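Numbering (UniProt numbering), first residue to last: 1 to 166.
Notes to accompany the following structure.
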């Protein structure tokens, strides 16, 4: 009996080994598959974490870009307002410049007319004064001729004028 017990034990051990081997043969591919799936899940989690970081960074970039866009729109509106104000001021300045130019032209024309009138008046006064001087000299010469005796014409250098009283 000892041999048969021994043999039975050996058979059981062999059966156990065979079952373990079969079980191992079945579980080994499943373990590898489980390991691959776990690795795949880890890589998916890493990819998801990377994607989440990228999405977060992209959202921050988008918010920053939107802020910059709003700032640029605000600056554009301010520049448009400034251009409009400067345009109105420029138009007003052009109008004032044109009015001043017209006023200066009118003043220049008035000054030219006044200058011409003044020059004409001066010219008339000069002529009148010259005529009065000529008339006075003529009167004085007549008066002198009446007072002095007639002179001879043949004296050289006289030319008919008296040497006395001049």
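For each residue, glycine too, the CB sits at the ideal point set by N, CA and C.
In this text the structure is predicted, and so the values were computed from the model without any measurement.
Per DSSP, reduced to three states, the secondary structure at residue 148 is coil, with no helix or strand assignment. Within the model, the alpha-carbon separation for residue 41 versus residue 25 is close to 24 Å.
It is roughly 11 Å from the alpha-carbon of residue 113 to the alpha-carbon of residue 106. When only Cα atoms are considered, residue 13 and residue 35 end up about 30 Å apart.
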